[in-house]
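Protein chains in written order, with this note's numbering: chain A, 1 to 388; chain B, 1 to 388; chain C, 1 to 388; chain D, 1 to 388.
Backbone N, C-alpha and C fix where the C-beta goes; we use that ideal spot for every residue, glycine too.
On a predicted model such as this, the values are computed, not experimentally measured, just so you know.
There are 4 protein chains.
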Amino acid sequence: MTDKATAAAAIRRMGVETASWAYANSGTRFKVFPQPGVPRDPYEKIDDAAVVNRLTGAAPTVALHIPWDKVDDYDRLAKHAEGQGVRIGAINANVFQDDDYKLGSVCHPDPGVRRKATDHLLECIDIMDATGSDTLKLWFADGTNYPGQDSIRARQDRLAECLRETYDRLGERQRLLLEYKLFEPSFYTTDVPDWGTSYVHCLELGPKAQVVIDTGHHAPGTNIEFIVAFLLRTGKLGGFDFNSRFYADDDLMVGAADPFQLFRIMHEIVSADALAPEAGIAFMLDQCHNIEPKIPAIIRSVLNVQEMTAKALNIDSGALADAQQSGDVLKANEIFMDAFYTDVRPWLAELREEQGLDPDPIAAYHRSGYAEKIAADRVGGQQAGWGA
Amino acid sequence: MTDKATAAAAIRRMGVETASWAYANSGTRFKVFPQPGVPRDPYEKIDDAAVVNRLTGAAPTVALHIPWDKVDDYDRLAKHAEGQGVRIGAINANVFQDDDYKLGSVCHPDPGVRRKATDHLLECIDIMDATGSDTLKLWFADGTNYPGQDSIRARQDRLAECLRETYDRLGERQRLLLEYKLFEPSFYTTDVPDWGTSYVHCLELGPKAQVVIDTGHHAPGTNIEFIVAFLLRTGKLGGFDFNSRFYADDDLMVGAADPFQLFRIMHEIVSADALAPEAGIAFMLDQCHNIEPKIPAIIRSVLNVQEMTAKALNIDSGALADAQQSGDVLKANEIFMDAFYTDVRPWLAELREEQGLDPDPIAAYHRSGYAEKIAADRVGGQQAGWGA
Amino acid sequence: MTDKATAAAAIRRMGVETASWAYANSGTRFKVFPQPGVPRDPYEKIDDAAVVNRLTGAAPTVALHIPWDKVDDYDRLAKHAEGQGVRIGAINANVFQDDDYKLGSVCHPDPGVRRKATDHLLECIDIMDATGSDTLKLWFADGTNYPGQDSIRARQDRLAECLRETYDRLGERQRLLLEYKLFEPSFYTTDVPDWGTSYVHCLELGPKAQVVIDTGHHAPGTNIEFIVAFLLRTGKLGGFDFNSRFYADDDLMVGAADPFQLFRIMHEIVSADALAPEAGIAFMLDQCHNIEPKIPAIIRSVLNVQEMTAKALNIDSGALADAQQSGDVLKANEIFMDAFYTDVRPWLAELREEQGLDPDPIAAYHRSGYAEKIAADRVGGQQAGWGA
Amino acid sequence: MTDKATAAAAIRRMGVETASWAYANSGTRFKVFPQPGVPRDPYEKIDDAAVVNRLTGAAPTVALHIPWDKVDDYDRLAKHAEGQGVRIGAINANVFQDDDYKLGSVCHPDPGVRRKATDHLLECIDIMDATGSDTLKLWFADGTNYPGQDSIRARQDRLAECLRETYDRLGERQRLLLEYKLFEPSFYTTDVPDWGTSYVHCLELGPKAQVVIDTGHHAPGTNIEFIVAFLLRTGKLGGFDFNSRFYADDDLMVGAADPFQLFRIMHEIVSADALAPEAGIAFMLDQCHNIEPKIPAIIRSVLNVQEMTAKALNIDSGALADAQQSGDVLKANEIFMDAFYTDVRPWLAELREEQGLDPDPIAAYHRSGYAEKIAADRVGGQQAGWGA
């Protein structure tokens, strides 16, 4: 068990990165339900992210998505963030929404399309330079819908080539995170379907390439904490896109569907001593708040990560190791579950008060009048969404 | 084994219903890739459906989706169809795209929203009266995303009440098909997640309510042909929304992902003597052609259903029953597989020639110049999609 | 929220039925690892079940499995149980371990095998009469491994016929619970794969037939609490076979894999007022303790059910209903989660002390020396397992 | 499209390895149904394997499983095989059936158990030396059933250490294949759950370590042919354990559940030019014939692999590449499906006749009287099974 002071320090230092696009409208292929007060540009997204950070004290960075967050002056955007008390986190590339990308981007059979896609990746690194971001997050919608549609192997060769060019452009303090996803929007193959595929490409690329785990991108039954432990062991875990799911890539609030899974994941992080910022594991949210108000949903998500981390820090690791070593299955499980069942919320509320924060960030948000304010202020213009 | 003449007659009489919306643009939440020549209104959709029917001789009806296919004069639309050699099939209700439906339609906690949704269902029956359609197909996007969000049980009560009012409005020769779906766009519960739920509601409603099976709406591993056999036994199978999937509700072309499954489904239909139109089983397509050209994809889908049906008709049912009765597992399986592996395409080509059709409908389509014609003609206006 | 006194009374009255075979050896197809002290006959199994009941105060009945628990004198067995403070619960039939059942039992193509199987079911009712059991639990391993192997439909007819004969033999205060299972040991079809199939047969049989839910018998992604709510609404839920799983029918300790799911299930029970014994819902365990000591694992399982029930009783149902009715998704979810995250273990420990029990049943078991005693005493003879 | 002569040569050279244990009794945890004529020792297993090879001309090797196939004199066993026209294939290690292995073998927390397990692996290499086998196949049942039971990461360290010692003992012409499996008999984690884990260990070990794919060991929805293509690209695919499944590790006859998947897998092999023996891909069967007679089931399985390979050889690869390159989704899929739907059985029958074989190996087997002969001869003794 981590002692209370150490645990408190760990919690205080842990940051959860929120995503600019999560403050914007999102939905399913069936319908996007717009919400009042949704930001109309990257500046307003950052304003919302700053609110989450001010209330939780735990969301110091915000990820951007290009081109959704394209602006003329990235330096100004970075300064705006700074002024609001947050920093620009990962830059997320988008090579799936141009008409040219119907059959893929970096894996497309046409070299012209691959050129265009790679250029976009390079442009994202320019934006990293301009904003001070140190992380390029790559997710490719590439894949096929029908058996025979394209050569699985040839697509890998194309992917490797584009990744190489991108990797070589990275600056010294920059890195690339390669995300994998089992399916959607491709329905027969995706070109990076699992952690193994991402790992092999990252290994070939070099030390600045790492795997990022989106918790919603696995086949049913996949043991995600195993992947976490395994990648930590090999030094190739770069971070998480957190969210939760019951079925496919549901993109629900992290911890909402299976809080025990989140606890198990955070246990692997804690037990590998990978919680501290120096460990370089990015804890990012990548969610869609389709039917619930976005800002309080994101606050809730940050709190969920924090609570499960606190529970993981609570595990009596010495006793656990003893029970494991002696093969006492029930005792080891009991020690593990005891930490999960212990309510850490009062302790976290105390920590917040010590930091000068409201002990209940959700209630504080509702009291703040911010929701009413943005609903009133943000009229006119085009609400941001996945398309803009 | 059905003798050749009987099998030929069965194939000739079998109709596959195509869906108006499949001729329009569709996509995923990530992107809709528009295609050239896509219809701009219900009349043009029917024109495309008529092409599919003329080339295959096997797609005599076309389903409508309200409000996507709303017109001022349904009698005119029905006559347009007739003039093109096709008829209006099922009317599909849509209670998921209005902003009011964010938390449900017929299961919504607010009685005002339920009233609005039910009124839409009643309006669809008006359209059935006007178009001569005999089938109302109901799929509800209703459900919840988060545990605790609403009362599962109360939603069932609301559903039952709205279905009752709708059912009671049906004319003598009209029926209601209730579709089920495991998930999407709801990600914690859906209100009609499985065939059992649909069945119980249909049983309570009465003989004019039946279950419709969308082949893409099941949990991984579900044995769909078992459901087919079971519902046929109880007299509650109303029809199919055919498509295929590798993962979730992928909506790929039927038979593309697992042709053997389609064969097994058609075997249950054939062995229950439920292929003929009098049996009242509707064989409908409900697919999304996101990356492939729509009309030839739909022709291919009709052919896939036809081919697997022909294979099922080819099973030596007497020998199969003998092997089954004697417990000869390998022999029974061999007889079954032999029919699947036997190539029926030459025979179907012959049948087409006897009907005065081109033996190869896909090639005939490409030769026809229709694709080029609609791409040239259908300029201006708004291409139809899921939203219009 | 149920007030504390009412909640305490509900917890005190709730009984979890343990299974005689869970005290015996079990394993996978790869290996059964025997454990010291395992019972050698039904009397010793009941002794172990009585220990669980004495320590938890919550396991008053024990299920039998025939023929594994066959004895010459059932009256004596029932009296032995009574003497130990427990009663005989459900009688579980076994028609899957005789060589004749290779291709099925009540669904077998051979009427002779069906006769034999049905006779076994009738014999189980005789044993119910002799032991005072009021519940016959039916699970059939019937199914097929290969497409074409047998007629899905004909098997349903055979099943219905055998169930009818069995149902008609039930006494006035006896009932039949029909279990379903997606797969294993059959790998293509099972003859009762899902709740819908079980429901339809129970409905045809009559009011003394009900569905039993084994929590491990579903396809990935199935929302079990929906089924619970739905069956409660129709009056056809008879009970549970509790256990937990990550993959297939893993038969782990209930609550071990997904405690939040167990909480959601118990919420449906509580909110339908179906917790009390009069509601007739049997809360049974059906697990395999392959690698962990059996008695403490069963105690843990009883506690897990009790804890999740206590959490469910803790839900502020009034506030929840308000949030649901007003469509406040986040508030409703928050109220729900708050009950899950609140630690009920101290309160349950108090309740135990009020009942004169040790507040920590697991620790009390280890202190009792019972494990050492049975390991020393139960030498010689044949340890009980699934085969005997 | 491979020309006919080349295709015929490829088919003639392709060997499918059968497994000694598949001729023995097998079953599920619920029941093993014994069959008449089942071998009682490794010699009789080889006799049966030789029958399969004589009838198909395509099963030249037979895998052994240690200790199930332990004999005093391996040289004599190898000579017996040779005399029957077959050779010894892979040696399969078994570190899951000793009582010591309850909590694992090479990953066990106790170094004594790991020593014992590693010694068994080394012993298997001795047997390779004695029998001339060049392949050690490693599958570990290692894993945990409960969260917290053991350290996921520590188990990886132990695994790596034992694999290293084993690898270093391999002779110059010997290799090690590392199998992965998602679950069973472990139900929370397995220590080698997926191809990525196996790949990383093999990469660390060196060029004589490769991944083996058991087609039944994946999560639902996993695209196996992607893994095949990916591993071929990296040079780390060692072979297959073929079987088929609808749900979990069902171990049904390969091609029985999803023949189209098998075709897609063989297409990747063919298109990577990896079919020839020189490519070093082992095509092995690993199945359980629980309810069907074993020898004809194995013949059927060999034929299924052969038929899907012939179909894959039939793909018009030039036209396919053109369609793929030009982005013609429907055409590419059509070319692919055309090969699948074309009946190759008559051509394969011709090939057999050219080789002096019966065109219908199953019928030839039934005519041969072998089944009756072994049922009559193999009386007395102990039938072989998974335990012996």
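What separation, rounded to the nearest whole angstrom, lies between the Cα atoms of D/ILE227 and D/GLY235?
Here the alpha carbons of D/GLY235 and D/ILE227 stand approximately 12 angstroms from one another.
For my contact list, A/VAL254 and A/LEU231 are in at a C-beta cut-off of 8 angstroms; report their separation, rounded to the angstrom.
19 angstroms between Cβ atoms; not a contact.
Any beta carbon of chain D sitting closer than 8 angstroms to that of A/PRO109?
A Cβ of chain D is located within less than 8 angstroms of the beta carbon of A/PRO109.
Length-filtered (3 minimum) beta strand (DSSP E) runs lying within the region 212 to 257 of chain A:
Whole beta strand (DSSP E) segments, 3+ residues: 237 to 242.
Does any CB atom of chain D fall closer than 8 angstroms to the CB of C/ASN145?
The beta carbon of C/ASN145 falls within 8 angstroms of a beta carbon belonging to chain D, placing the residue at that interface.
Sorted by chain position, which residues of the same chain lie with C-beta nearer than 8 angstroms to C/TYR199's C-beta, five sequence neighbours on each side aside?
Around C/TYR199: VAL211, LEU231, THR234, LYS236.
Could you check which residue in C/THR190, C/VAL52, C/ARG173, C/SER368 has the C-alpha nearest to that of C/LYS181?
Ranked by how close their Cα comes to the Cα of C/LYS181, the residues C/THR190, C/VAL52, C/ARG173, C/SER368 have C/THR190 in first place.
Indicate whether at least one CB of chain B lies closer than 8 angstroms to the CB of D/PRO359.
Against chain B, the CB of D/PRO359 has no partner CB under 8 angstroms away; the residue lies outside that interface.
By Cβ distance, which residues of its chain are closer than 6 angstroms to B/ALA219, with the 5 residues on each side in sequence left out?
For B/ALA219, where only same-chain residues beyond five positions count, the Cβ hits under 6 angstroms are LEU182.
May I ask you to list, following chain order, the residues of the region 220 to 249 of chain B that have a beta carbon less than 8 angstroms from some beta carbon of chain A?
Result list: PRO220, ARG245, PHE246, TYR247, ALA248.
Simplified DSSP state of A/ASN145, which is helix, strand or coil
Coil.
Pull up the distance between the alpha-carbon of A/GLN174 and that of A/ALA81, whole angstroms please.
A direct Cα-Cα distance of roughly 20 angstroms separates A/GLN174 from A/ALA81.
Out of D/GLY380, D/HIS267, D/ALA229, D/HIS366, which one is the CA nearest neighbour of D/PRO293?
Nearest option by C-alpha distance: D/HIS366.
In whole angstroms, what is the alpha-carbon distance linking D/ALA257 and C/ASP100?
Their backbone Cα atoms lie some 26 angstroms apart in a straight line.
Mind checking if C/ILE281 is an interface residue toward chain B, Cβ cutoff 8 angstroms exclusive?
No, C/ILE281 does not count as interfacial toward chain B.
For the candidate residues D/SER271, D/HIS108, D/ARG76, whose alpha-carbon lies nearest to that of D/ASP316?
Nearest neighbour of D/ASP316 by Cα position, chosen from D/SER271, D/HIS108, D/ARG76, turns out to be D/SER271.
Reducing DSSP to helix, strand and coil, say where B/ILE179 ends up.
In the sequence as displayed, the identity of residue 179 of chain B is Glu instead of Ile. Residue state, collapsed to three classes: strand.
Chain A contacts made by the region 152 to 181 of chain D, where a contact means CB separation under 7 angstroms
Taking 7 angstroms as the cut-off between beta carbons, the residues of the region 152 to 181 of chain D near chain A are ILE152, ARG153, GLN156, in sequence order.
Please compile the residues from chain A whose C-beta is within a distance smaller than 7 angstroms of the C-beta of D/PRO193.
Think of a sphere of 7 angstroms around the beta carbon of D/PRO193: the chain A residues whose beta carbon falls inside it are ASN223, PHE226, in chain order.
Nearest-angstrom Cα separation, counted from C/GLY104 out to C/VAL62:
Looking at the two C-alpha atoms, the distance is approximately 28 angstroms.
Establish whether the CB of A/TYR199 and some CB of chain D are separated by less than 8 angstroms.
Cβ-Cβ to chain D under 8 angstroms: yes for A/TYR199.
Residues of the region 5 to 30 of chain C with Cβ closer than 7 angstroms to any Cβ of chain D, in chain order
Listed in sequence order: GLY27, THR28, ARG29, PHE30.
Out of B/GLY57, B/PRO147, B/ASP129, B/LEU203, which has the shortest C-alpha to C-alpha gap to B/LEU163?
Closest by alpha carbon: B/LEU203.
Contact set between C/ALA332 and chain B, taken where Cβ atoms lie within less than 8 angstroms
Within chain B, the residues near C/ALA332 are TYR146, GLY148, GLN149, ASP150.
Nearest residue (CA-CA) to A/ARG158, options A/ASP110, A/GLU172, A/ILE224, A/GLY380:
Among A/ASP110, A/GLU172, A/ILE224, A/GLY380, the Cα nearest to that of A/ARG158 is on A/ASP110.
For a cutoff of 8 angstroms on Cβ pairs, would you count C/ALA256 as touching chain A?
It does: the Cβ of C/ALA256 has a partner Cβ on chain A nearer than 8 angstroms.
Name the chain D residues whose beta carbon is nearer than 9 angstroms to that of C/ALA141?
THR28, PHE30, LYS31, listed in chain order.
Would C/TYR370 pass as a contact of C/VAL51 if the rule is Cβ separation under 8 angstroms?
Taking C-beta atoms as the reference points, C/TYR370 and C/VAL51 count as a pair closer than 8 angstroms.
Quick one: list the residues of chain B neighbouring C/ALA272, beta-carbon separation under 9 angstroms, in chain order.
Neighbours of C/ALA272 on chain B, chain order: ARG153.
Ranges of the beta strand (DSSP E) found wholly within the region 9 to 81 of chain C, counting only runs of at least 3:
Whole beta strand (DSSP E) segments, 3+ residues: 61 to 66.
Look at the Cβ atom of D/LYS31, then the Cβ atom of C/PHE33, and state whether they are nearer than 8 angstroms.
Taking 8 angstroms as the Cβ cut-off, D/LYS31 and C/PHE33 do not qualify as a contacting pair.
Straight-line gap, C/ARG115 to D/SER186 (C-alpha atoms, nearest Å):
Near 38 angstroms, if we compare the C-alpha coordinates of D/SER186 and C/ARG115.
Check whether the Cβ atoms of B/ALA312 and C/GLY148 lie closer than 8 angstroms to each other.
No; because the gap between Cβ atoms is not below 8 angstroms, this pair is not in contact.
Compare the C-beta of A/LEU103 with all C-beta atoms of chain B and state if any pair is closer than 8 angstroms.
Taking Cβ atoms only, chain B reaches closer than 8 angstroms to A/LEU103, which makes this a yes.
DSSP on D/LYS137, reduced to helix/strand/coil?
D/LYS137 falls in the strand class under three-state DSSP.
What residues are listed by DSSP as bridge partners for A/LEU285?
Within the DSSP secondary-structure output, A/LEU285 pairs in a beta bridge with A/PHE242.
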